[in-house]
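Student: Take a look at this one; I'll ask things after.
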Amino acid sequence: MAELTVEEEMENLRATVQVLQELQQSEGWVQLVKLINGRRLGLRQSLFGVDSNGKGLDGLIELARTQSELAGIEFVINLPRFVIEENEMQLRAIIEDIQNENNDSTDFRTM
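Residue numbers (our numbering): 6 to 116.
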C-alpha cells in the first residue's frame, strides 16, 4: 500500500469527520439515540434496585452484567464523538507540524 501524502491524510481525516457529523445529525441516528437513552435510563434505574448483598454471587453477576451493558451502550453512543475528536486532534497536529516546518524553513538564523 502506498503511503499517503499529507494532503491525502488530511482529506481522509476531514472526510471521516464530515461523515460522522452527518451521521449524528441524521434522523435515524437521532431516533436510535432516543431508543438507546431509554434503555440506558432503565439500566441506571435498575442498578439502584440490584441488591447484591441479599442475593450473593447471583446478585453480583447481575450487577456486573447490568454495568457492562450500560458501559457498552454508552460506548456505542459516544463512538462517533470519540472518532471526530481524535481526527480533529490529528488534523491540528498535522497543521502544527506544517507550520513548524514552514517556520523552520524561513528562520534565517538556521541558514
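C-beta atoms are modelled at their ideal positions from N, C-alpha and C, and glycine is treated no differently.
Could you check how far apart the C-beta atoms of Gln72 and Leu46 are, in whole angstroms? I think they sit under 8 Å.
Tutor: Reading the sequence shown from its first residue, position 67 is the one you call residue 72. Reading the sequence shown from its first residue, position 41 is the one you call residue 46. 15 Å between Cβ atoms; not a contact.
Student: Which residue marks the beginning of the alpha helix (DSSP H) containing Ala20, and which one marks its end?
Tutor: In the sequence shown, counting from the first residue as 1, residue 20 sits at position 15. Element bounds for Ala20: 11-30.
Student: In whole angstroms, what separates the C-alpha of Leu37 from that of Asn108?
Tutor: Within the sequence shown, the letter at position 32 stands for residue 37. Within the sequence shown, the letter at position 103 stands for residue 108. Distance between the alpha carbons of Leu37 and Asn108: 47 Å.
Student: Assign Ile89 to one of two classes, buried (16 or more other C-beta atoms within 10 Å of its C-beta) or exposed (fewer than that).
Tutor: Looking up residue 89 in the sequence shown gives position 84. When all chains shown are included, Ile89 counts as buried.
Student: Can you name, in chain order, every residue of its own chain whose Cβ lies under 8 Å from the Cβ of Ile41, other than the five neighbours on each side?
Tutor: Within the sequence shown, the letter at position 36 stands for residue 41. For Ile41, where only same-chain residues beyond five positions count, the Cβ hits under 8 Å are Ile78, Val81, Ile82.
Student: Which word fits Met116, buried or exposed, when buried means at least 16 other C-beta atoms lie within 10 angstroms of its C-beta?
Tutor: The count along the sequence shown starts at 1 and reaches residue 116 at position 111. Confidence at Met116 is low in this model, with a pLDDT of 48, below 50, so the placement of that residue should be treated as unreliable; the coordinate-derived value is given next. When all chains shown are included, Met116 counts as exposed.
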